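Below is one structure, written out as structure tokens, with a few remarks after it.
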Amino acid sequence: MRNRASNTLSKGKIRQSWSKYNLYNMQRFRSPPTTNRTFFQQKWSAKAASRAYHGEQVREGQWKRMFNHRIRSVIPMNASDLAADDGSLVSSGRGSGLDKGGKPAYQTRPIPYTNMTFAPLERRLDVAIFRALFASSARQARQFVIHGAVTVNGQKMKHPSYLLNPGDLFQVEPERVLYATGHTKTPFERRMGRVGRRQAKTARLAEAEGAEGGAPEAEAESKETAEEDTKKTKKGETEKEDTKETLQALLAQAKAVMSAGKDTLAPQRKQELRGFQKAVRRVLSRSESSTVLADSLEAQFSQLTLLLKAKRAEKKPEKKDAKPRPEDAFATDKGDAELASAKNDTDATASDKLSEAFAQATLGNDVDASELTDEEFETLKRALTQMRDNPLDNSKTYSTPWQPRQYMSAFAFIPRYLEVNQNICAAVYLRHPVARPGSAEVPTPFGESIATPAYGWYLRRRW
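Per the UniProt record's numbering, the very first residue in the sequence shown carries number 1; after that it's consecutive.
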């Protein structure tokens with residue numbers, strides 16, 4: 001592989017990378033001038049600019065062997081016209097004054113053949129991984145392949161220069177994709193990760209030492225039975241303490257996220273975290289040992305969902321009762337009166353269920369369910385959902401909770417010749433890229449003024 005590529009601001013070369021410096025170079029890039037320059041100089045500058053982006057990790061000699069002057073292209077045809085006419089009517093009047101002539105020049109879309117100059121490089125495995133948004137640069141994709149994190153058709157592939165064939169399926173380990181496309185860790189998060197690894201290592205060493213110099217099996221069994229008895233006697237107390245500790249841990253996680261991401265978090269995300277902290281504090285303040293949530297995040301989420309449903313069930317009848325209908329207000333028939341009373345009973349039942357659930361949750365029967373507003377319920381539910389699906393874990397190599405990499409939107413596109421499934425980090429190479437009228441399927445930041453001289457440069461090899 002060639003030397004390490006650098007995103008210098010002085011030369012301003014565009015790379016296959018999501019770097020913010022590369023985005024800046026792309027924004028200020030201008031086509032090289034053609035006035036007062038020989039044809040050789042124009043081709044040289046165009047070749048240098050395009051090769052810095054297309055396959056800069058590939059040696060020039062290797063790329064020259066891959067280059068093919070035959071460009072793949074397609075012309076879309078109308079299927080109904082092809083089925084109705086065999087072409088004899090169109091060709092019969094050619095040269096005899098019967099042809100109507102083609103469309104004017106401003107209505108025709110030329111086919112950008114020269115933009116397909118570097119189409120053979122799109123077959124490479126590392127470039128395809130970068131195009132599928134599984135890596136932040138082509139060099140990082142190459143590193144994933146060499147380290148054994150990529151499979152092709154179910155088999156591990158360690159050659160980044162492998163040329164994909166139509167129908168090949170390649171897959172990358174999800175942890176590598178999360179690392180490549182997510183926020184990088186801050187120094188504080190790296191330090192917390194190192195502390196966590198040290199603690200885990202000391203715990204493993206302590207367990208190993210205890211296992212080597214442990215007591216006999218009889219003593220171990222007696223200890224286990226004693227521990228089981230103590231667990232049974234103190235089951236209620238431990239459940240309450242674990243629940244309270246879980247809530248406090250969630251609150252600490254929210255504080256850590258707020259402190260670590262002061263500059264990177266979005267304003268909406270900050271508001272949600274503040275609302276989450278406020279709601280958890282209010283729940284914890286109801287009692288010293290609150291059981292509003294179970295000892296697992298799944299049970300916490302289900303409990304909050306039930307409370308939210310009860311809250312909504314209470315809110316809907318209130319809206320209906322705000323504007324009483326004439327049938328309810330002036331019910332003279334016995335059946336109408338029964339319906340109205342049943343409706344009031346259901347409203348009262350929903351309110352009672354909510355009050356009872358919240359009272360059980362806070363261990364205080366004097367607590368009113370209306371103390372937590374709908375917004376706090378919704379914020380608490382949303383925050384717990386995010387912490388369940390996207391938890392804070394300092395042991396990961398990327399920043400948690402996971403967020404997309406900055407400046408990613410400018411590069412978030414997938415070519416037409418790839419079918420990508422982001423859920424399992426897999427993609428299918430459908431076919432080779434082709435040129436169409438008005439568009440070329442090879443992604444490139446350069447126009448035809450650079451693509452055409454670059455194509456002419458590599459035509460020096462005669463066929």
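Virtual Cβ for every residue (Gly too), placed ideally from N, Cα, C.
None of the values given here were measured: they were computed from a predicted structure.
Here the alpha carbon of Phe144 sits roughly 7 Å from the alpha carbon of Val150.
In the three-state reduction of the DSSP assignment, Arg436 falls in the strand class, which pools E and B. Taking each of Gly438, Ser439, Tyr398 and Ala410 in turn and checking the Cα distance to Pro187, the smallest one comes out for Tyr398.
Per DSSP, the unbroken alpha helix (DSSP H) holding Leu125 starts and ends at Leu125 to Arg131.
Just so you know, the alpha carbons of Leu205 and Lys185 end up roughly 28 Å apart.
Here Tyr455 carries a helix assignment [DSSP, helix/strand/coil]. Nearest neighbour of Pro404 by Cα position, chosen from Trp18, Asn78 and Glu207, turns out to be Trp18. Looking at the DSSP output, Thr151 bridges to Lys156 and Gln171.
For Pro120, the three-state secondary structure derived from DSSP is helix. Arg176 counts as buried, since at least 16 other C-beta atoms from the protein chains shown sit within 10 angstroms of its C-beta. When only Cα atoms are considered, Gln16 and Gln171 end up about 20 Å apart.
Of the other Cβ atoms in all chains shown, 16 or more fall within 10 Å of the Cβ of Asp126; this residue is therefore buried. Arg72 and Gly182 have their C-alpha atoms roughly 36 Å apart. The C-beta distance from Gly456 to Lys43 rounds to 5 Å, short enough to fall under 8 Å. Partner residues in the beta bridge of Tyr429, as assigned by DSSP, are Asp168 and Leu418. Note that the region 59-71 does not touch the region 131-138; fewer than 3 beta-carbon pairs, one per stretch, sit closer than 8 Å. Note that the C-beta distance between Ser31 and Ser449 is below 7 Å.
If you check the CB distance, Met116 and Val442 come in under 7 Å.
Cβ-Cβ separation between Glu122 and Pro391: approximately 37 Å, too far for a contact (criterion under 8 Å).
CA-to-CA, the gap between Arg460 and Ala83 works out to about 43 Å.
Here Ile14 has Asn22, Asn25, Met26, Phe29, Ala52, Tyr53 and Pro445 as same chain residues with Cβ atoms under 7 Å from its own Cβ, once five neighbours each way along the sequence are excluded. For Val145, the uninterrupted alpha helix (DSSP H) run begins and ends at Ala138 to Ile146, by DSSP. Gly210 carries a helical assignment under DSSP once its states are collapsed to helix, strand and coil. Assigned with DSSP and collapsed to three states, Gly182 falls in strand. In this structure Lys156 is not in contact with Gly167, their Cβ atoms being roughly 19 Å apart against a cut-off of 8 Å. Of the candidates Ala138, Ser137, Gln253 and Gly154, the residue whose Cα lies closest to the Cα of Thr400 is Gln253.
Within the same chain, no Cβ atom closer than 6 Å to the Cβ of Lys396 is found once the five residues on either side in sequence are excluded. In the DSSP secondary-structure assignment, Ser17 is bridged to Ser137. Counting along the chain, Gln41 sits inside the alpha helix (DSSP H) bounded by residues Phe39 to Tyr53. An exposed status is given to Ala208, since fewer than 16 other beta-carbon atoms sit within 10 Å of its beta-carbon. Here Pro110 is exposed, its C-beta having fewer than 16 other C-beta atoms within 10 Å. Here Pro120 is buried, its C-beta having at least 16 other C-beta atoms within 10 Å. For the 7 Å CB-CB criterion, Ala46 and Ala435 do not form a contact. Straight across, the Cα-Cα distance linking Lys158 with Ile146 is about 5 Å.
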